[in-house]
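Undergrad: Position 112, counted from 1, in the sequence shown is what the numbering used here calls 557; the numbers after and before it change by one each time, with no gaps. Below: one structure in structure tokens.
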Amino acid sequence: MYHGRNFNLAGTKGQQMNLWCCECCSYVDSMLVGGDVVYPHRPDLYEKKFYQCPNCKNSVGTHQQWGKSFVKGRDYNIRALGCIPNAKLKFARGKIHEILDPLWKGKRPGTRKRLYKRISRELGYEYHTGNTKTIEECRKVYRIIQKIYKEKDNK
């Protein structure tokens, strides 16, 4: 079990990652920190890992499947879930997931992949919610998802 500010376990060496920060509108050398730094009021998140902007202190989560091997001391690159959002963008991304996830969760294998390919095709670039950088981009995605629901309802 690990705790502490800017933790430094085997394999991290004070790991940094150059990420786009939506609040600062620039790339920053974000620092890998524990959940106790980002969410001190949430003990259930203390063991999670986040990349935090050194300037505005906003953060982004990491792919959790890396955690088990990471804790055993293996040297892994812990990947961010996307760019670092500000509070409004984090809220908008959550709203996207609220309407997007029911379209694929619990469905046949490959449904999520086809859905994301469809959104990517309509946007003109590879889509992932964690990579949305603006509220306008989130609105575009939201409209595409609404369109998919309307098509589904018309069948």
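No residue lacks a Cβ here, since even glycine has one placed at the ideal position from N, Cα and C.
Taking the straight line between their C-alpha atoms, what separation do you get for K494 and I544?
TA: About 26 Å.
Undergrad: In this structure, does DSSP put L626 in helix, strand or coil?
TA: Because the chain in this structure spans residues 446 to 600, residue 626 falls outside the shown range and cannot be described.
Undergrad: Below 8 Å CB to CB, which residues in the same chain sit around K533 once its five sequence neighbours on both sides are set aside?
TA: I580
Undergrad: Rounding to the nearest angstrom, what Cα-Cα distance links Q461 and I564 in this structure?
TA: If you take the alpha carbons of Q461 and I564, they lie about 31 Å apart.
Undergrad: Count the other CB atoms within 10 Å of the CB of R538; is the residue buried (16 or more) or exposed (fewer)?
TA: buried
Undergrad: Looking only at its chain, what residues have a beta carbon closer than 7 Å to the beta carbon of R578, apart from the 5 residues adjacent to it on each side?
TA: Sequence check: residue 578 is Lys here, not Arg. Around K578: W465, C467, C528.
Undergrad: Bridge partners of F495, per DSSP?
TA: V478, G506
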